[in-house]
């Protein structure tokens, strides 16, 4: 009696605000025999989960330990300030950190923007909320405001809250990360997916399967094909967001002066 061969699986961690669905669908199409296990982890646990080998790779927020982990930056998110809909900030199209000088600004323990006690704008709350979700509940109670990446504002959306983009504030960058010593074929395959490589240009297992397939099973090359229209390279991330590019509500890292603020709110006395 021979032992049954178990197909390998690929475990992918992802932190709140990151939606891996689009890439997961491409994986299923490209490697249907390799199960993809999606593992949701808290923002504070993303790097540790990848570093300790609990998963093969992770969609995490930078920074990560570059001594042990490889990382491919995918996109940078817009930072927003969350507040009640009837707050005086609602009159603005864009908010500056200086506008928050007199506001209580919550600093949750799972902060993803890298604020410290010295860099957090506004007035600190009496205590730090345990999570972003807890901070959102406090904002809804009209006792302060919260700075978060836009994806987290959407994730914790409430009808009584709204948000505005923040000019010149710190930003959160999402990356695909994996242990440097475990860059496997399956990791290479997922790298190819987030970078938008086709199966034929991929360096991973999918490409090897095509190369090893019998010649009679490969599609015949069309004779004298017409010159196709060029398409922009770069695959799409979840929900139509471009992997390695800019997603709706996200923006590229600022390389020059920030755009001028418009519609500065007038604080109610």
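In my numbering, the protein residues as written are 23 to 291.
Backbone N, C-alpha and C fix where the C-beta goes; we use that ideal spot for every residue, glycine too.
query	result
Between which two residues does the alpha helix (DSSP H) carrying residue 46 extend?	43-52
Can you tell me whether residue 234 is buried or exposed, with buried defined as 16 or more other CB within 10 angstroms of its CB?	Summary for residue 234: the model assigns pLDDT 46, below 50, so the residue's position carries little reliability; its value from the coordinates is reported in the next sentence. Answer is exposed; the Cβ neighbour count stays below 16.
Residues in the same chain with beta-carbon distance under 6 Å from residue 105, minus the five sequence neighbours each way, listed in chain order, please.	111, 167
With distances taken between CB atoms, is the gap from residue 131 to residue 153 smaller than 9 Å?	yes
By Cβ distance below 8 Å, which residues in the same chain neighbour residue 87 in space, the five residues on each side in sequence not counted?	69, 73
Taking the straight line between their C-alpha atoms, what separation do you get for residue 38 and residue 90?	23 Å
Using the three-state DSSP reduction, which class does residue 137 fall into: helix, strand or coil?	coil
Ignoring anything shorter than 3 residues, give me the beta strand (DSSP E) runs that lie fully in the segment 95-170, in order along the chain.	101-106, 126-128
DSSP three-state label for residue 184, please.	strand
Tell me which residues share the same chain as residue 60 and place their Cβ nearer than 7 Å to its Cβ, disregarding the 5 neighbours each side in the sequence.	34, 36, 42, 46
For the alpha helix (DSSP H) containing residue 80, list its first residue and its last residue.	Taken as a continuous stretch (DSSP letters only), residue 80 belongs to no alpha helix (DSSP H), being part of the beta strand (DSSP E) at 79-83.
Please state whether DSSP places residue 209 in a helix, a strand or coil.	helix
Below 9 Å between beta carbons: does that hold for residue 162 and residue 180?	yes
If residue 92 and residue 205 are in contact, beta carbons under 8 Å, what's the gap, nearest whole angstrom?	7 Å
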